Amino acid sequence: MKTNMVCIAAIFVIAAVVLVIAIRKLILFITEKNISAYQSSLIERHYEEVENMYRQTRGWRHDYRTHIQTMKAYLQMKEYDKLDKYLNDLEIDLTTVDTVIKTGNVMIDAILNSKISLAGQRKIKVDAKAIVPSDLNTSVSEVDLSIVLGNLMDNAIEACQKIKDEDKRFIRVYIDILKGQLYLYVINSSEGKLKRSGNLYHSTKTEEYHGFGLRRTDKVVEKYGGYLNRQDEEGVFATEVMLPL
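End of the sequence shown = 245 in my numbering, gap-free, step of one.
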């Protein structure tokens, strides 16, 4: 009798262990599937932002002759007030499509400029400096690099948008080659301190891919044996990443 009870108990224990393993595998499968879907969504969004930026630039260049003719007409008619207003309107329009980063590295330039343009549309001041060779030779794939850089900028823009006072919105970006590694540093204004558990920060996004940006960035950095550090103080959040060349 006791032997049967022991056998039954052992069967239940084994079944419980198998069930736990199966559940863990299922959770892992669902998570990886969601992260893969998030990655595809992120790349698609980056492409659309870059395409939109260059479409705006082409449109402005196409209208260049018209702008010149209009300004000449105002000048000839001595309509200086109208000319001044027209120039101010042009300046505002141009700031939304101006390409401010020109490192020569196509991928980094495209992502940075599209995000800077996006930030400008959301009334966020961006100061950016990138010193990257056009023939950057890194072990990190362009897809993974775009995920890291894109997420850093997206998180900074998201944090700034929550600040009601537009004058307090800012993002500073610095990219360089440091100690034989690609160094990325992004600091932005924020509204209070972010939620965290230990060393892990929590995204405040509510959409479908909640939190995947932070996890995907962490995973890419870990994949290449890089370095990632996040710090926050009242009103400021900073992230620095180092990836091997």
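We put the CB at the ideal spot given by N, CA and C, even for glycine.
Bear in mind the structure is a predicted one, so any value in this text is a computation, not a measurement.
| Check | Outcome |
| --- | --- |
| Among residues of its own chain, excluding the 5 on either side of residue 153, which ones have a beta-carbon nearer than 6 Å to its beta-carbon? | 115 |
| Considering only the alpha carbon of each residue, which of 135, 164, 219 and 239 lies closest to residue 173? | 239 |
| List the DSSP bridge partners of residue 239. | 186 and 230 |
| Quick check: the stretch 74-81 against the stretch 121-132, are at least 3 beta-carbon pairs closer than 8 Å? | no |
| Would you mind working out which of 139, 67, 107 and 157 sits nearest residue 88, comparing C-alpha positions? | 67 |
| Per DSSP, what are the beta-bridge partners of residue 244 in this structure? | 181 |
| Could you spell out the range, first to last residue, of the alpha helix (DSSP H) harbouring residue 144? | 142-161 |
| Once you ignore the five residues that flank residue 138 on each side, which residues in its own chain have a CB closer than 8 Å to its CB? | 145, 182, 243, 244 and 245 |
| Specify the secondary structure class of residue 125 as computed by DSSP and reduced to three states. | strand |
| Does the separation of the CB atoms of residue 86 and residue 71 fall below 8 Å? | yes |
| Between residue 234 and residue 164, what straight-line distance do the alpha-carbon atoms span, to the nearest angstrom? | 16 Å |
| Residue 173 bridges to which residues according to DSSP? | 128 and 186 |
| For residue 168 versus residue 189, is the C-beta spacing smaller than 8 Å? | yes |
| Straight-line CA distance for residue 221 to residue 171? | 22 Å |
| Is the beta carbon of residue 148 closer than 8 Å to that of residue 103? | no |
| If I measure Cβ to Cβ from residue 246 and keep anything under 8 Å in the same chain, skipping five residues before and after, which residues do I get? | Nothing can be reported for residue 246: it is not among the residues displayed for the chain, which extend from 1 to 245. |
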